[in-house]
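Everything below concerns the one structure shown next.
Numbering (the numbering used here), first residue to last: 6 to 419.
Structural data, given as structure tokens:
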């Protein structure tokens, strides 16, 4: 193997086999969410190059399609392991693997035996400052034999291992622990936090939904990067609503797969559900309350029960400043304008700081001046790291979006 000055891996087609995985003894050692100790191998045959999935926990994808056991790889293919990808360069004599991204995992060394508390309180060994994390959320224990276990402390939003909610569970090297929006793994005797900045990325791979013989979604492929503002447009019946239902995991796919941060949405839906917000067209506000009372009430519903009054007040203040609602805090809901009410509805969804926020026709009925103001606001929210997906039928102010998907007859046409 040769590693050139650009960090690319170059192998001769000599009939040998290379292994890629988390183990340091692998020919290419990588870390990150969803990478098994020995994840895949590549046979460097002179006539063909084959990729073999070594029964990895979360699979391998080639050109965004899952590999069923093994497959042949060609020049310009893209191999994805967890959230990391390599572009394939194949010549008559050599295979080159070009890393397209690098691991974001950072290790937390732990002496054993040891109990490690995880939570929102700064006194925890692992401090996770997020509204979805309880003050003392969970404890990880490693005994003298190196065996790991995790215990949830009746947290508000749960602790998950490989997408399943647990009260207490053993944890192994290939497992993914999720606490609020944070993901952790055990790697080589260390507890590793996968530092993706609590952002959510979606990858849609060959997704189809069929009803009564008709394609509602017809082999959709697209990537929705973390921290971007994305608009979904199209006429009535084009597939916009079905697509959003697929992204939220609320309907069954007939084919294909949706990945959230490199993990299968169907398996990890419950683990990510608390990190997903949805702003509907219908207001949830009670007319008899003031805006301040609305936020106080919603804090009790959306933030962990162990949040202090000071923490709840600080979170409300952050949202109020972001949405410029200070001047209406003492105003009754019944006296709000349409635009003000929309901003309060948006603020309610932002209280828990969701990594992914769906906006379902929020601009309907607003005048052009307010539409622009909201688009500027959405842009600002995305710039803070939230992934925003706007469902709309209007072409106004789309220059504020990072990308636009036009749907027609169940397909992305542009």
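Note that CB positions come from ideal geometry on N, CA and C, so glycine has one too. These numbers come from a predicted model, not from an experiment.
| Inter-residue Cα distance where the pair is residue 140 and residue 40 | Here residue 140 refers to the residue found at position 135 of the chain shown. Here residue 40 refers to the residue found at position 35 of the chain shown. In a straight line, the C-alpha of residue 140 is about 30 Å away from that of residue 40.
| Going straight from the alpha carbon of residue 405 to that of residue 385, what length do you get? | Taking the chain shown and counting its residues from 1, the one referred to as residue 405 is at position 400. Taking the chain shown and counting its residues from 1, the one referred to as residue 385 is at position 380. If you draw a straight line from the Cα of residue 405 to the Cα of residue 385, it is about 10 Å long.
| field | Cross-strand partners of residue 46 (DSSP beta bridge) | value | The residue labelled residue 46 in the question sits at position 41 within the chain shown. The partner list for residue 46 (beta bridge, DSSP) reads 24 and 57.
| Run through DSSP, which three-state label would residue 110 get? | For the purposes of this step, residue 110 is taken as residue 105 along the chain shown, with counting starting at 1. At residue 110, the pLDDT of 49 sits below 50, so the modelled position is not reliable; the number obtained from the coordinates is stated separately. It is a strand residue.
| residue 354 and residue 282 closer than 8 Å at C-beta | Locating residue 354 in the chain shown gives position 349, counting from the first residue. Locating residue 282 in the chain shown gives position 277, counting from the first residue. Yes; because the gap between Cβ atoms is below 8 Å, this pair is in contact.
| message | residue 99 and residue 18 - do their beta-carbons sit closer together than 8 Å? | response | One-based indexing of the chain shown puts residue 18 at position 13. One-based indexing of the chain shown puts residue 99 at position 94. For residue 18 and residue 99, yes; Cβs fall inside 8 Å.
| task | Name the two residues that bound the continuous alpha helix (DSSP H) containing residue 388. | result | As a working mapping, residue 388 is identified with position 383 in the chain shown. Residues 373–388.
| message | I want to know whether the segment 290–309 touches the segment 366–384 - three or more CB-CB distances under 8 Å. | response | Result no; under three Cβ-Cβ pairs closer than 8 Å.
| said: Between residue 172 and chain B, is the shortest Cβ-Cβ distance under 8 Å, so that the two count as touching? | reply: No chain B is part of this structure, which consists of one protein chain only.
| query | If you run the structure through DSSP and keep just helix, strand and coil, what is residue 304? | reply | Sequence index remark: in the chain shown, residue 304 carries index 299 (1-based). Residue state, collapsed to three classes: helix.
| Which value, in whole angstroms, describes the spacing of the CA atoms of residue 119 and residue 145? | As a first step, residue 119 is located in the chain shown; it is residue number 114 there, counting from the start. As a first step, residue 145 is located in the chain shown; it is residue number 140 there, counting from the start. The straight-line gap from Cα to Cα measures roughly 8 Å.
| message | Just verifying my parser: in three-state terms, what is the DSSP assignment at residue 340? | response | Translated into positions along the chain shown, residue 340 becomes position 335. Looking at residue 340 - three-state DSSP - the assignment turns out to be helix.
| request: Can you grab the Cα-Cα spacing for the pair residue 22 / residue 49, in whole Å? | output: The residue you call residue 22 lines up with position 17 of the chain shown. The residue you call residue 49 lines up with position 44 of the chain shown. When rounded, the separation of the alpha-carbon atoms in residue 22 and residue 49 is 6 Å.
| query | So what does residue 121 bridge to, in DSSP terms? | reply | Here residue 121 refers to the residue found at position 116 of the chain shown. Answer is 145, bridged to residue 121.
| message | Between 235, 69, 151 and 167, which has its C-alpha nearest residue 224's C-alpha? | response | Start at 1 with the first residue of the chain shown, and residue 224 comes out as number 219. Out of 235, 69, 151 and 167, 69 has the C-alpha closest to the C-alpha of residue 224.
| query | Taking the alpha carbon of residue 35 as the point to measure from, which residue in 419, 192 and 320 has its own alpha carbon closest? | reply | In the chain shown, residue 35 corresponds to position 30, counting from 1. When only C-alpha atoms are compared, the closest one is 192.
| Helix, strand or coil at residue 40 [DSSP, three-state] | Within the chain shown, the letter at position 35 stands for residue 40. In this structure, residue 40 counts as coil in the three-state DSSP scheme.
| Whole alpha helix (DSSP H) elements within the segment 237–288, 4-residue minimum | You should have 245–252 and 270–277.
| message | Along the chain, where does the alpha helix (DSSP H) containing residue 88 start, and where does it finish? | response | Position 83 of the chain shown, counting from 1, holds the residue named residue 88. Secondary structure note for residue 88: it is in no alpha helix (DSSP H), with a DSSP letter that is neither H nor E.
| query | For residue 179, which residues from the same chain have a beta carbon less than 6 Å from its beta carbon, with the 5 sequence-adjacent residues on both sides left out? | reply | The residue you call residue 179 lines up with position 174 of the chain shown. Close CB contacts of residue 179 within its chain, under the 6 Å cut and outside five residues either way in sequence, are with 41 and 62 (chain order).
| Can you tell me the Cα-Cα spacing of residue 415 and residue 94, whole angstroms? | If you number the chain shown from 1, residue 415 lands on position 410. If you number the chain shown from 1, residue 94 lands on position 89. Each residue's CA atom was taken as its position, placing residue 415 and residue 94 some 34 Å apart.
| Buried versus exposed, by CB contacts within 10 Å (16 or more), residue 81 | For the purposes of this step, residue 81 is taken as residue 76 along the chain shown, with counting starting at 1. Residue 81 should be labelled exposed.
| query | Which residues mark the beginning and the end of the beta strand (DSSP E) in which residue 104 is found? | reply | Taking the first residue of the chain shown as 1, we reach residue 104 at position 99. Looking at the DSSP string, the run of the beta strand (DSSP E) that includes residue 104 is 99–104.
| field | C-beta atoms of residue 412 and residue 243 nearer than 8 Å | value | Looking up residue 412 in the chain shown gives position 407. Looking up residue 243 in the chain shown gives position 238. Yes, they are a contact pair.
| task | Please state whether DSSP places residue 418 in a helix, a strand or coil. | result | On the chain shown, position 413 is the one that residue 418 refers to. Residue 418 falls in the coil class under three-state DSSP.
| said: Quick check on DSSP: helix, strand or coil for residue 353? | reply: Along the chain shown, read from residue 1 onward, the residue named residue 353 stands at position 348. If DSSP states are grouped into helix, strand and coil, residue 353 belongs with the helices.
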